[in-house]
Amino acid sequence: GPPEKTQEDLLAFLRSQVDRAEVHAGVKLATEYAAVPFDSFTLQKVYQLETGLTRHPEEKPVRKDKRDELVEAVESALETLNSPAEGSPNRRPYSASDFIEGIYRTEKDKGTLYELTFKGEQKHEFRRLVLFRPFGPIMKVKQEKLNMANTLINVIVPLAKRVDKFRQFMQNFREMCIQQDGRIHLTVVYFGKEEMNEVKGILENTSKAANFRNFTFIQLNGEFSRGKGLDVGARFWKGSNVLLFFCDVDIYFTSEFLNTCRLNTQPGKKVFYPVLFSQYNPGIIYGHPDAVPPLEQQLVIKKETGFWRDFGFGMTCQYRSDFINIGGFDLDIKGWGGEDVHLYRKYLHSNLIVVRTPVRGLFHLWHEKHCADELTPEQYKMCMQSKAMNEASHGQLGMLVFRHEIEAHLRKQKQKTSSKKT
17 GPPEKTQEDL LAFLRSQVDR AEVHAGVKLA TEYAAVPFDS FTLQKVYQLE
67 TGLTRHPEEK PVRKDKRDEL VEAVESALET LNSPAEGSPN RRPYSASDFI
117 EGIYRTEKDK GTLYELTFKG EQKHEFRRLV LFRPFGPIMK VKQEKLNMAN
167 TLINVIVPLA KRVDKFRQFM QNFREMCIQQ DGRIHLTVVY FGKEEMNEVK
217 GILENTSKAA NFRNFTFIQL NGEFSRGKGL DVGARFWKGS NVLLFFCDVD
267 IYFTSEFLNT CRLNTQPGKK VFYPVLFSQY NPGIIYGHPD AVPPLEQQLV
317 IKKETGFWRD FGFGMTCQYR SDFINIGGFD LDIKGWGGED VHLYRKYLHS
367 NLIVVRTPVR GLFHLWHEKH CADELTPEQY KMCMQSKAMN EASHGQLGML
417 VFRHEIEAHL RKQKQKTSSK KT
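If you use the numbering used here, the sequence shown corresponds to residues 17 to 438, in order.
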């Protein structure tokens, strides 16, 4: 039809979104979980219910889209308040300093509702504006066919000692990468000589047993540096451009994850930074080390079993060409930590799309964390905080704190029942 007609239809659709949303009247809800709560905000801060590990219940909005969204709502309200039709001609104009607070919520298929409160002209008088930002209809952007039959992944694992962990890693690797996927190369970058022969032995056994030849073993001298290991492993590849998966030895992944890795990367265009699910201490989750089920049964995504490690950037899938072009790892950073965030930031500062999403098939397995005596008080405190985060959920740690009270209660119950019998 004519463009005016299309525009009319669109406006009618956007207006209907307001009527569909819970704006003018309440909607009957099945349960309390179906209610959509509001977040509230002032000019400075947002007070929010949805908080990951990296977000706070009260914060200055860091994300530009969230900041702009609220600024736009307040400016739009001020325009309305100051339009000639609104107030008495001699009234001073409203400004942002008259804004008291707002509440807003989004119904994902309809739009965002804002209710903004401003100071009125007299004491105890307020001006409230209700605004709605409707969501338009879905638009098709593109449709493509993707053939991943020849997309090889080079899994790069930096390692020093930790033979038992490596044995467990290779068990999973054999099942997921060799038996199920079959398009994987493994690069192990090993630091030092200690226990090196055991690690090589595990590799050679897997190679013989599974008829697997696509692996490279690189030995480096000097102390362990994750960034250096990954950098050397990535640069060592001599073939055409390859998809790299930087991985640690205490990571468990499924063959579905390997496809997710292929689908979320594109050379010169996209790098993939999955958020992995970090397992709590199984000894605490299951109440007793003897009660811990086999690994496959432990890997469930629940509040009690672990958390989304949304501050971790170590496991990543990216094409070798992108890694080389961005300059690889900053190798001045020694030991653990720091170099992966640095690389992540370089991608954020570039024109590549960084895909960040929680994934189902990627787990960080719990291992005990040792906080060394040599650490400075500040480092030691950070190390212990990290140890506490990885140990158990808030509720489970609480049960440990109150263990003595719980045990005392049990003893009293037993005494009561035994005294009744006599």
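The beta carbon of each residue, even a glycine, is placed where N, CA and C say it ideally should be.
Item, Value
"What's the C-alpha gap between E320 and L94?", "46 Å"
"According to the Cβ coordinates, are V204 and F233 closer than 8 Å?", "yes"
"On the DSSP bridge list, what partners appear for Y289?", "R372"
"Grouping DSSP H, G and I as helix and E and B as strand, with all else coil, what is V308?", "coil"
"What do you get for M192, buried or exposed, if any count of 16 or more other CB atoms within 10 angstroms of its CB means buried?", "buried"
"In whole angstroms, give me the CA-to-CA distance for N237 and W253.", "20 Å"
"Can you give me the C-alpha to C-alpha distance between A28 and E88, rounded to a whole angstrom?", "23 Å"
"When you compare only the Cα positions, how much space is there between H201 and V173?", "11 Å"
"Check whether the Cβ atoms of S120 and T133 lie closer than 8 Å to each other.", "A small correction: the amino acid at residue 120 is Tyr; Ser does not occupy that position in the sequence shown. No."
"Is the region 400-413 touching the region 292-308 in the sense that three or more CB pairs, one from each, lie closer than 8 Å?", "yes"
"Which residue or residues does DSSP assign as beta-bridge partners of P174?", "V205"
"From which residue to which residue does the alpha helix (DSSP H) around K82 run?", "K80 to L97"
"Using only CA atoms, which one of F288, L260, D266 and L259 lies nearest to I462?", "The first residue shown for the chain is 17 and the last is 438, placing residue 462 beyond what the model contains."
"With distances taken from CA atoms, which of M212, G344 and E91 is nearest L260?", "G344"
"Counting beta carbon pairs with one atom in the region 166-180 and one in the region 140-154, are three or more of them shorter than 8 Å?", "no"
"Do three or more CB pairs link the region 155-163 to the region 35-45 at distances below 8 Å?", "no"
"Thinking T281 and G377 are a contact (beta carbons under 8 Å), I'd like their distance in whole angstroms, please.", "Going by Cβ atoms, the distance from T281 to G377 rounds to 16 Å, so no, they are not a contact pair."
"Taking the straight line between their C-alpha atoms, what separation do you get for E123 and D348?", "47 Å"
"Take N166 as the anchor and find which of Q313, M155, Q401 and S256 has the nearest alpha-carbon.", "S256"
"Where does Y49 sit, in a helix, a strand or coil, going by DSSP?", "helix"
"Excluding the five sequence neighbours on either side, which residues of its own chain have a C-beta within less than 7 Å of the C-beta of D360, listed in chain order?", "The amino acid occupying residue 360 in the given sequence is Tyr; Asp does not appear at that position. Excluding positions up to five away in sequence, the list reads Y289 and F329."
"Measuring straight from C-alpha to C-alpha, what distance separates P18 and E38?", "33 Å"
"Am I right that F148 and V34 are in contact with their C-beta atoms under 8 Å? What's the rounded C-beta distance?", "5 Å"
"Report the rounded CA-to-CA distance for Q431 versus N297, giving the unit in angstroms.", "33 Å"
"For I342, which of G284, K126, A225 and L30 has the nearest alpha-carbon?", "G284"
"Taking Cβ to Cβ, would you say F262 is nearer than 8 Å to F379?", "no"
"Where R336 and D356 are concerned, what is the direct C-alpha to C-alpha distance, given to the nearest angstrom?", "15 Å"
"Got a sec? Which residues, its chain only, sit under 6 Å from A41 by beta carbon, not counting five neighbours each side?", "none"
"Determine, using beta carbons only, whether H140 comes closer than 8 Å to chain B.", "Here there is only one protein chain, and chain B is not present."
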